[in-house]
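Novice: Quick one: structure below, then a few questions.
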Amino acid sequence: MKARVDKDTCIGCTLCTAVCPSIFSMEDDGKSVAKDVELDNETLIDAREAESQCPVGAISVE
Ligand code: F3S
């Protein structure tokens, strides 16, 4: 399982970086990016939380 951010959809609210800072970070373009790593049990929970809380549904975890 990996997390992804759809940059065309992200509005740069930064919520995901607060909920799951080990996976999500903000880039210079003001949008979030997810680390391209397999999620372990702990980061999967946090990434799913970020996915459900993103106000524009830009995050997918699959
Ligand atoms: Fe963007 Fe959603 Fe994160 S708007 S900054 S992907 S919470």
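Numbering (this note's numbering), first residue to last: 3 to 64.
C-beta atoms are modelled at their ideal positions from N, C-alpha and C, and glycine is treated no differently.
#1: Which residues in the same chain have their Cβ closer than 8 Å to the Cβ of L17, if we skip the five residues on either side of it in sequence?
#2: Determine the DSSP secondary structure at V21, reduced to helix, strand or coil.
#3: Leaving aside the five residues before and after A36 along the sequence, list all residues of the same chain whose C-beta is less than 6 Å from its C-beta, in chain order.
#4: Which residue marks the beginning of the alpha helix (DSSP H) containing I47, and which one marks its end?
#5: Is it buried or exposed for A20, if we count other Cβ within 10 angstroms and need 16 for buried?
Specialist: Walking through what the data contain:
#1: Taking C-beta separations shorter than 8 Å and ignoring five residues to either side along the sequence, the partners of L17 in its chain run A52, Q55, C56 and P57, following chain order.
#2: helix
#3: A5, R6, V7, I25 and F26
#4: N43 to Q55 is the extent of the alpha helix (DSSP H) around I47.
#5: exposed
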